[in-house]
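Chemist: A single structure is presented below for examination.
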Amino acid sequence: MSRPFAVLPICALVASLSASAFADAPLTRDSGAPVGDNQNSQTAGADGPVLLQDAHLIEKLQRFDRERIPERVVHARGTGAFGQFQASADISNLTRAQVFQPGTQTPVFVRFSTVMGYRGSPEQARDPRGFAVKFYTQQGNWDMVGINLPVFFIRDAIKFPDFVHANKPSAVTGVQDPNLAFDFFAHSPEATNMLTHLYSVQGMPDSYRHMDGSAVHAFKFVNAQGQVHYVKFAWKSQQGVKGFEPGQIAESIGKDWNLMSNDLYGAIKQGDYPKWDLYIQTLTPGELGRFAFNALDDTKVWTGVPEQKVGTLTLNKVPDNYFESTEESAFAPSRLVPGIEPSEDRMLQGRLFAYADTQMYRLGANYQQIPVNRPRVAVSNNSQDGAMNESGRSGDVNYEPSGHAEKAQDPQYKYANTPISGVTQQMAIKRPANFLQAGEYYRTLSSSGKASLIEALSGDLDHVTDRANKYAMLSYFYKADADYGTRLTKATHSDLGTVQTAAKALQD
Ligand code: HEM
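Structure, rendered in structure tokens:
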């Protein structure tokens with residue numbers, strides 16, 4: 191029990207003891223009434239029982255009993271900070287989104303996270319890092335809900351709950367189990383590229399400041415003429431990318447398992463504000479077919495497409511209240527603004543539903559009225575009521591159409607027209623190319639980068655007791671790159687001939 195305190199750096203303790211804005215205000219009940227005694231309950235005489243009429247005591251206990259809300263089903267462990275985004279390039283030929291008009295400064299809230307751990311779990315787990323940005327634009331909120339890596343494990347939202355179940359702690363023991371995770375991955379070869387990124391040194395950033403970010407999916411940019419370009423977004427850290435070597439992770443957790451939060455907040459408090467540049471890659475709809483893979487498959491990067499810098503993000507404020515900012519923040523890939531629309535990426539399409547849905551459960555129907563989520567522009571529509579509503583809406587014309595007070599709707603903000611074709615179907619995508627980019631990425635690594643990847647990945651593969659799953663995994667990595675697969679096979683004391691035979695049977 192004493193361990194978290196033992197590792198808490200002195201500076202963090204001092205900061206947490208510093209006076210808050212409320213420190214000098216007199217103590218009150220939630221109703222605002224002054225409290226006379228906050229140390230002694232009201233009792234029936236000196237030795238009698240405590241009285242139910244002590245409303246301050248009852249209220250205090252009731253409020254305490256209700257302090258927890260459900261943690262996020264994934265990305266429960268997080269750290270948030272406020273800042274701003276400065277647009278720097280004229281891309282009005284691509285998008286009419288006001289956030290990208292050159293010189294525009296947009297306030298932001300950013301939440302970094304790990305994916306699988308519980309709310310208090312160590313921050314240095316081998317896990318992707320969430321990189322979620324809420325832009326409070328003059329046209330409403332835009333959430334870019336990305337991660338530190340450019341690709342993802344799977345490509346269809348229908349697999350996401352299974353992917354999470356296999357990677358979260360076991361339903362029996364409550365402890366994460368590589369056997370379950372690699373059982374899923376052995377039957378999901380599309381994860382080979384992401385696993386290669388995840389087990390590299392860059393896949394284990396040594397701080398939130400030292401990692402890049404990506405929205406992963408393609409989105410659509412729509413310009414004032416209604417023309418569509420597909421776009422991918424990527425953040426590049428001005429602090430550089432630095433990661434842990436496999437052997438450093440356990441030691442770092444032992445020293446301070448809140449390292450990522452302490453590092454970020456320490457830097458911001460010292461005025462060393464972290465910055466990321468935002469880059470885009472764009473393609474016309476006609477150019478989507480130019481790759482050997484499906485351009486809307488989120489397990490792939492767009493190779494050979496030039497990047498353009500369009501702005502810079504700066505984080506400069508630690509929130510005053512962890513719960514009301516970081517815990518109650520709610521990001522959703524569906525929260526877009528005119529000029530930015532979703533692509534047909536099958537994962538993204540599922541995400542468009544899932545986030546607002548979980549947030550209505552986690553925070554309540556009116557979660558967008560919580561200050562950290564509230565747009566900085568007026569909200570004006572006919573949605574009403576629900577738990578904890580405080581929209582302040584007035585007027586009895588709460589419907590449309592109406593001859594009175596109908597709200598203005600500007601046709602320029604209609605969604606872009608999108609050509610569609612085909613019949614309804616349930617089929618895997620064409621050109622899955624499950625192993626292509628894992629090999630390409632492996633070959634970009636330095637020799638020490640390759641050695642670190644082999645050490646980290648073989649360390650986890652070694653725990654896989656199911657022979658068929660282990661050989662399936664090894665065959666995927668061999669198919670990606672023969673050297674990669676051979677070294678993993680040796681490091682896990684497995685049989686190369688068996689791996690080669692299994693790899694030969696795989697389709698590209
Ligand atoms: C179909 C696939 C996916 C589903 C159904 C899904 C679902 C969820 C859910 C339910 C949450 C919790 C949200 C909350 O409680 O506020 C979440 C959080 C998050 N997801 Fe996903 N997710 C998917 C894929 C992805 C992908 C591909 C990425 C990265 C590109 C991603 C990045 C994140 C991030 C960064 C958060 C944390 C946001 C925050 O800080 O509050 N997810 N996801």
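In the numbering used here, the protein residues as written are 191 to 698. By construction, the Cβ of each residue, glycine as well, lies at the ideal position given by its N, Cα and C atoms.
1) With F342 as the anchor, note down where its alpha helix (DSSP H) starts and where it stops.
2) S404 and P340 look like a contact to me (Cβ under 8 Å); what is the Cβ gap, rounded to whole Å?
3) For Q625, name the three-state secondary structure that DSSP assigns.
4) Can you tell me where the alpha helix (DSSP H) holding T676 begins and where it ends?
5) Give the range of the alpha helix (DSSP H) segment to which I248 is assigned.
6) Around the C-beta of F254, are 16 or more other C-beta atoms found within 10 angstroms, so that it is buried, or is it exposed?
7) Quick check on this structure: which residue in V562, L651, L664 has the alpha carbon closest to the alpha carbon of L686?
8) If we ignore side chains and look at the alpha-carbon of each, how far apart do A522 and F375 end up?
9) Throw me the rounded Cβ distance for the S278 and K499 pair, which I believe falls under 8 Å.
10) Between which two residues does the alpha helix (DSSP H) containing E590 stretch?
11) Find out if the Cβ-Cβ distance for the pair G273, L505 is shorter than 7 Å.
12) How many Å lie between N357 and R536 at the Cα?
13) Decide if the stretch 523-530 is in contact with the stretch 538-551; the criterion is three or more beta carbon pairs, one per stretch, under 8 Å apart.
14) Where does F325 land, buried or exposed, given buried means 16+ other C-beta within 10 angstroms?
15) Which residue from G330, V305, A236, R267 puts its Cα closest to that of P297?
16) In whole angstroms, what is the alpha-carbon distance linking A202 and G649?
17) Can F434 and M384 be called in contact, C-beta distance under 7 Å?
18) If you draw a straight line from the alpha carbon of Q574 to that of E517, how long is it in whole angstroms?
19) Can you give me the Cβ contacts of K465 inside the same chain, cut-off strictly under 7 Å, excluding the 5 residues immediately before and after it?
20) Would you list the one or two residues that DSSP bridges to R301?
21) Run the CB neighbour count on R301, radius 10 Å, all protein chains shown included, and call it buried at 16 or more, exposed below.
22) Are Q471 and K422 touching if we call contact CB-CB under 7 Å?
23) Between G430 and the rest of its own chain, which residues show a CB-CB distance below 8 Å, the 5 nearest in sequence each way excluded?
24) Using only CA atoms, which one of P260, Q229, A234, R262 lies nearest to L247?
25) Alpha carbons only, please: which of S519, G582, I530 is nearest the one belonging to I560?
26) Is the closest heavy atom of the ligand HEM to the C-beta of T548 under 6 Å?
27) Classify R256: buried if its beta carbon has 16 or more other beta carbons within 10 angstroms, exposed otherwise.
28) With a threshold of 16 other CB atoms inside 10 Å of the CB of N571, please say whether the residue is buried or exposed.
Modeler: From the atom records:
1) Per DSSP, F342 belongs to no alpha helix (DSSP H) and is neither H nor E.
2) Between the beta-carbon of S404 and that of P340 there is about 4 Å, and that keeps the pair under the 8 Å contact cut.
3) The residue you asked about is not Gln; residue 625 is Phe in the sequence shown. In the structure shown, F625 falls within a coil segment according to DSSP collapsed to helix, strand and coil.
4) Taken as a continuous stretch (DSSP letters only), the alpha helix (DSSP H) holding T676 covers 672-681.
5) Where I248 is concerned, the enclosing alpha helix (DSSP H) stretches over 245-255.
6) Counting other Cβ atoms within 10 Å of its Cβ, F254 stays below 16 and is therefore classed as exposed.
7) It is L664 whose Cα lies nearest to the Cα of L686.
8) A straight-line Cα-Cα distance of about 26 Å links A522 and F375.
9) At roughly 7 Å, the Cβ-Cβ gap stays under 8 Å, so S278 and K499 are in contact.
10) From DSSP, E590 is part of no alpha helix (DSSP H); its letter is neither H nor E.
11) Their beta carbons are under 7 Å apart, which means G273 touches L505 by this criterion.
12) Between the alpha carbons of N357 and R536 lies a distance of about 21 Å.
13) Flag = yes, the stretch 523-530 and the stretch 538-551 touch.
14) It is buried - the Cβ of F325 has at least 16 other Cβ atoms within 10 Å.
15) When only C-alpha atoms are compared, the closest one is G330.
16) Because A202 carries a pLDDT of 43, less than 50, the predicted location of this residue cannot be relied on, and the following value inherits that uncertainty. Between A202 and G649, the C-alpha separation is close to 34 Å.
17) Not in contact: F434 and M384 (Cβ atoms no closer than 7 Å).
18) Approximately 24 Å between the Cα atoms of the pair.
19) Apart from sequence neighbours up to five positions away, the residues of its chain that approach K465 with a beta-carbon distance below 7 Å are Q428, T502, L503, T504, ordered along the chain.
20) Paired residue(s): G270, A322.
21) By the neighbour-count rule (16 or more Cβ atoms within 10 Å), R301 is buried.
22) Against a cut-off of 7 Å, the Cβ pair of K422 and Q471 comes out as a contact.
23) Excluding positions up to five away in sequence, the list reads H400.
24) Cα-wise, what sits closest to L247 is Q229.
25) It is S519.
26) Yes.
27) Per the 10 Å Cβ criterion, exposed.
28) N571 is exposed by the Cβ-count criterion.
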